[in-house]
Amino acid sequence: MSQVEVHKQGHRLMGNYFEISVVSDNADYANSCIDQAVEEIKRIERLLTTFNDQSQTNQVNAMAGIAPVEVDAEMFDLIARAQRISALTQGAFDITYGSIDKSLWNFDTNMTTLPSKEIALESVRLINYQNVILNPERRTVFLKEKGMRIGFGGIGKGYAAEKAKQLLKSLGIKSGIVNAAGDLTTWGNQPNGKPWTIGIANPQAGESPFSYLSISDVAVATSGNYEKYVMIDGKKYSHTIDPQTGLPVSGIQSVTIISPNAELSDAMATPVMVMGISVGLDLINQMRQIACIIIDDQNKIYTSRNINIK
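Position one of the sequence shown corresponds to residue 2 (my numbering), numbered consecutively onward.
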């Protein structure tokens with residue numbers, strides 16, 4: 002009788018490092034299933050990428066202000082779900098974020114001042130989820146203003162992780178983890194029967210977690226300023242830009258979202274960072290089956306009502 006073990010593969014996908022782990026007593030079958038999950042993620046990347054002129058994302062962007070573009074049902078439904086999250090977060094999440102003038106933001110040592118409020122506001126003038134017009138009958142997407150661009154940086158990794166998980170479950174894999182550069186989704190248990198243990202990133206210490214969670218059938222995503230940021234006059238500014246002001250957010254080091262779905266966790270992490278501690282937690286506390294951990298610039302920890310940090 003073969004031993005039940007965790008079988009793992011790491012791959013560079015969607016511009017990020019994905020690690021896929023599955024529990025099985027058959028190494029060949031486990032690796033064959035992971036290979037299929039990798040192909041599924043590559044398929045999603047082709048659909049959502051902005052680095053290929055032929056992708057449906059770029060076709061929609063190319064016709065901004067000109068005409069609606071018919072897209073696959075999968076992409077249409079993803080955009081529709083993204084629009085609902087935009088409405089829920091009052092625009093703090095917005096797939097038209099791709100419209101931002103990136104020339105203002107390089108977040109490196111050359112960046113010593115913030116742009117003026119006026120220039121910052123001008124840089125985000127095309128960001129407006131309400132100008133994405135969906136036609137369910139014709140399954141078309143139309144960006145109302147010329148120069149508008151959609152992008153799936155805030156939701157795509159979570160969506161891909163969730164689709165890979167669904168595929169693996171359909172292949173009979175009873176337990177595993179799909180980790181998309183820290184946005185991860187889990188199902189089942191470890192070979193010893195215990196839930197999976199995952200670390201929540203410590204903004205100050207990179208590799209060493211500040212806390213651990215024991216989870217199963219749950220997805221976790223973290224958005225933070227500890228990987229890409231700039232210091233100006235002694236204040237730390239995140240690479241996350243508030244789509245309503247055009248200025249980088251400050252005051253929060255990281256937001257971790259725990260929910261049943263990797264797409265939702267991924268999509269909610271950044272907007273909570275943009276909304277701020279009190280507004281963000283208030284929103285999460287009104288939602289079912291979703292929890293939140295926030296670490297502010299002073300290393301103070303805030304949590305939604307349904308979670309306890311030990």
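The beta-carbon is built from N, C-alpha and C at its ideal position, and this holds for glycine as well. Computed from a predicted model, the values in this text were never measured in an experiment.
query: Does the beta-carbon of K158 have 16 or more other beta-carbons within 10 angstroms, so that it is buried, or is it exposed?
result: buried
- request: Would you give the residue range spanned by the alpha helix (DSSP H) that N62 belongs to?
  value: 57–63
message: Please report the straight-line C-alpha distance between T141 and S255, rounded to a whole angstrom.
response: 36 Å
message: Would S251 and Y238 qualify as a contact pair, given that the criterion is a beta-carbon distance under 7 Å?
response: yes
- request: Pull up the CB-CB distance for I96 and Y130, whole angstroms please, since I reckon it's below 8 Å.
  value: 7 Å
task: Return the Cβ separation of S25 and V5 in integer angstroms, given the expectation that the two are a contact with Cβ distance under 8 Å.
output: 7 Å
task: With a cut-off of 8 Å on the beta carbons, I'd call Q10 and I45 a contact; round off their distance for me.
output: Rounded, the Cβ-Cβ distance is 17 Å, inconsistent with contact.
task: Please specify which runs of the alpha helix (DSSP H), each continuous and at least 4 residues long, are wholly inside the stretch 146–183, giving them in chain order.
output: 157–171
query: In whole angstroms, what is the alpha-carbon distance linking S87 and S22?
result: 32 Å
- request: With DSSP collapsed to three states, give me the class of S255.
  value: strand
- prompt: Hey, quick one: how far does the alpha helix (DSSP H) through T241 stretch, first residue to last?
  reply: Per DSSP, T241 belongs to no alpha helix (DSSP H) and is neither H nor E.
task: Using the DSSP secondary-structure output, state which residues sit across from F143 in a beta bridge.
output: I134
field: 7 Å Cβ cutoff met for F153 and P69
entry: no
- request: Name the residue from R150, Y160, M76, V125 whose alpha carbon lies nearest to the alpha carbon of M269.
  value: Y160
The beta strand (DSSP E) enclosing G52, as first and last residue numbers: The identity of residue 52 in the sequence shown is Phe, whereas the question assumes Gly. Run containing F52: none; DSSP gives neither H nor E here.
message: Using a Cβ-Cβ cutoff of less than 6 Å, which residues in the same chain neighbour L248 once the five nearest sequence positions on both sides are dropped?
response: A121
message: Taking the alpha carbon of G200 as the reference point, which residue from H12, A182, G194 has its own alpha carbon closest?
response: A182
task: Identify the continuous alpha helix (DSSP H) that holds I331 and give its terminal residues.
output: Outside the displayed range of the chain (2 to 311) lies residue 331, so it cannot be described from this structure.
- prompt: Is it the case that the Cβ atoms of Y98 and P244 are separated by a distance below 7 Å?
  reply: yes
field: Three-way DSSP call (helix, strand, coil) for K43 in this model
entry: helix
message: With distance defined between alpha-carbon atoms, name the residue in I278, M149, S279, G277 nearest to S124.
response: M149
- prompt: Below 7 Å between beta carbons: does that hold for S212 and P196?
  reply: no
message: One question on the structure: do E163 and A31 come within less than 7 Å of each other, judged by their Cβ atoms?
response: no
task: State the start and end residues of the unbroken alpha helix (DSSP H) segment that holds N286.
output: 278–287
- prompt: In chain order, what residues of the same chain have a beta carbon less than 7 Å from the beta carbon of N136, not counting five sequence neighbours either side?
  reply: P69
field: For R126 and K118, the rounded distance between their alpha carbons
entry: 12 Å
task: Flag this pair as yes or no: are the beta carbons of A28 and K147 separated by less than 7 Å?
output: no
field: Of the residues V72, V133, Q37, the one placed nearest L172, counting alpha carbons only
entry: Q37
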